[in-house]
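The structure appears below as structure tokens.
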DNA sequence: CGGCAAATACTG
DNA sequence: CAGTAT
DNA sequence: GCCG
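In full-length UniProt numbering, the protein residues as written are 1 to 511.
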């Protein structure tokens with residue numbers, strides 16, 4: 001019977017024994033808990049949205065200048081109340097712009113080239129300015145460079161010692177390459193987030209395909225190795241450096257350039273030099289080809305299996321592939337892990353943007369049906385970052401009337417299940433609605449005073465139920481839906497929160 | 001040289 | 001509580 | 001592995 005189980009995993013359910021498949025389905029019992037008997041009725045828009053008269057944008061002048069503006073939150077709520085775009089002037093807390101580097105010949109002007117309406121941000125810019133000044137000299141002590149050992153020799157730790165008196169370690173001198181310690185003048189201008197010491201990755205723009213993607217891919221391999229071996233510190237170190245590299249808009253030309261990026265130091269710079277010279281990084285290749293890591297990566301790719309469990313499967317249980325998991329461990333898997341195994345291959349398939357859009361549209365449609373047209377939805381994640389193919393679908397739903405988002409996640413999942421779009425619910429979180437109900441019952445005042453920032457969400461398995469029966473066997477009495485199963489995250493956000501606010505501002509300004 | 005992302009929720 | 005996920 |  002073991003070989004029969006093999007068949008399940010290769011995805012040939014249809015020609016396999018029906019009995020087997022059913023037993024699997026039974027064992028899984030993954031159908032989401034929400035019963036479809038109570039179909040949520042659509043709230044036929046009792047409350048139509050007041051359409052505001054088309055009017056001149058009172059803030060045109062403000063938005064046409066290059067200054068960054070910070071407004072009081074009340075501007076938004078008041079605008080909402082009046083259903084029109086209020087002038088921002090009375091709400092303006094601060095406006096300013098990023099100044100250029102002090103030494104920059106392009107800006108002979110004074111340093112105080114920003115207009116502070118309040119004193120708050122001053123210190124930040126002062127700090128940035130100070131940093132920039134201190135940074136003008138080369139971070140590398142060129143004179144005292146130590147010649148370090150050959151890079152590709154397999155010794156990874158020895159060459160990377162930090163020179164005692166400089167913070168930055170010297171880079172390996174590679175005479176055969178232009179990817180060397182360059183002159184201090186040939187570095188490209190650092191993007192603002194480097195110069196200004198921007199602290200959070202979310203403040204940098206992200207690119208779908210950064211200029212240094214190939215190098216980043218190598219670092220990702222090392223990071224994965226750190227992950228699988230339980231080296232959490234290493235994971236974090238590589239994560240931060242990769243994040244900085246991914247936001248870096250220039251093609252790297254010298255290793256020294258990397259030292260200027262936050263989270264990047266000698267190790268990463270040396271890896272870059274190796275990459276630039278040989279087109280690959282030995283440590284990354286080794287990690288990728290490592291047999292143990294290959295097995296553990298296989299398990300790690302099961303949804304619901306993390307590094308710890310992947311290692312356990314391999315080293316404690318002694319399993320070596322998915323068949324072993326099914327044969328010897330099926331009953332010990334959690335419910336979501338069984339789902340993860342069942343759709344192992346499909347979850348790894350990339351999702352084309354067009355399909356992401358289709359899925360989002362379907363979800364939006366159901367949300368509108370369940371509430372009203374005030375529903376706003378926004379696809380985030382890989383799609384929003386412009387990726388051609390996405391690993392999953394992340395969609396945020398919101399509504400200006402917060403009461404309309406109450407329990408909506410439950411309703412949406414039920415509705416989509418009933419129409420067979422959602423095949424499984426991996427996880428559903430209703431904490432926010434739970435708490436919201438309590439406070440709402442007490443405070444009849446609607447919007448204010450809640451401190452929770454968690455979001456209702458559902459992580460589900462999605463499959464397009466509309467399929468064309470296989471052409472090979474059109475008379476099949478029970479044709480099979482071969483549309484791939486997708487991972488979809490539906491997130492409910494209070495309208496007030498950032499993402500919702502962002503696109504509400506966009507639409508307001510367009511009106 | 002020591003410390004190390006943040007917050008939150010579900011599952012078993 | 002440990003593990004996993006967002 | 002980086003940072004203070």
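Beta carbons: idealized from backbone N, C-alpha and C, even for Gly.
Just so you know, these numbers come straight off a predicted model, no measurement behind them.
In this structure, the CA atom of residue 367 is about 24 Å from the CA atom of residue 385.
For residue 433, the secondary structure class from DSSP, reduced to helix, strand or coil, is helix. The DSSP-derived three-state label of residue 472 is coil. The beta carbons of residue 493 and residue 370 sit no closer together than 9 Å.
Looking only at 456, 395 and 390, the smallest Cα-Cα distance to residue 410 is reached by 456. Counted as a single uninterrupted DSSP element, the alpha helix (DSSP H) harbouring residue 233 occupies residues 232-247.
Below 8 Å, too few C-beta pairs join the region 402-416 and the region 386-394 to call them touching: fewer than three. When beta bridges are read from the DSSP output, residue 489 appears opposite 394 and 459. Look at the region 296-352 and you find these whole runs of alpha helix (DSSP H), each 4 residues long or longer: 307-311, 322-329, 335-342 and 344-348. When secondary structure is reduced to three states using DSSP, residue 364 falls in the helix class.
Residue state for residue 354 is assigned as helix, using DSSP reduced to three classes. A distance below 9 Å separates the beta carbons of residue 219 and residue 238. Per DSSP, the beta bridge partners of residue 425 are 460. For residue 377, the three-state secondary structure derived from DSSP is strand. Nearest in C-alpha terms to residue 348, of all of 421, 391 and 329, is 391. CA-to-CA, the gap between residue 284 and residue 306 works out to about 21 Å. When DSSP reads this structure, residue 389 sits in a beta bridge with 352. For residue 331, the number of other beta carbons within 10 angstroms of its own is below 16, and it is reported as exposed. The closest CA to that of residue 365, considering only 334, 432, 215 and 421, is found on 421.
A buried status is given to residue 333, since no fewer than 16 other beta-carbon atoms sit within 10 Å of its beta-carbon. In this structure, DSSP gives residue 209 a state outside helix and strand, which the three-state scheme calls coil. Per DSSP, the continuous alpha helix (DSSP H) segment holding residue 271 begins and ends at 266-278. Put simply, of 485, 282, 470 and 327 the residue whose alpha carbon is nearest the alpha carbon of residue 479 is 470. Annotation for residue 216: 210, 242, 245 and 246 place their beta carbon closer than 7 Å to its own, counting only its chain and skipping 5 residues before and after. Restricting attention to 291, 290 and 270, the CA atom closest to the CA of residue 281 is found in 270.
If you compare the alpha carbons of 383, 458, 317 and 463 with that of residue 343, the shortest gap goes to 463.
DSSP places residue 420 outside any alpha helix (DSSP H), giving it a letter other than H or E. Each of 229, 339 and 262 was checked against the Cα of residue 195, and the nearest Cα belongs to 262.
Rounded to the nearest whole angstrom, the CA to CA distance from residue 234 to residue 257 is 22 Å.
For the pair residue 361 and residue 350, the Cα-to-Cα distance works out to about 19 Å. Collapsing the DSSP output to three states places residue 481 in coil.
Straight through space, the alpha carbons of residue 295 and residue 228 are spaced by roughly 10 Å.
Look at residue 411 here: in three-state DSSP terms it is helix. Just so you know, the alpha carbons of residue 336 and residue 190 end up roughly 45 Å apart. By the CB criterion at 9 Å, residue 465 and residue 419 fall inside the cutoff. Just measuring C-alpha positions, the residue of 474, 495, 491 and 459 sitting nearest residue 485 is 459.
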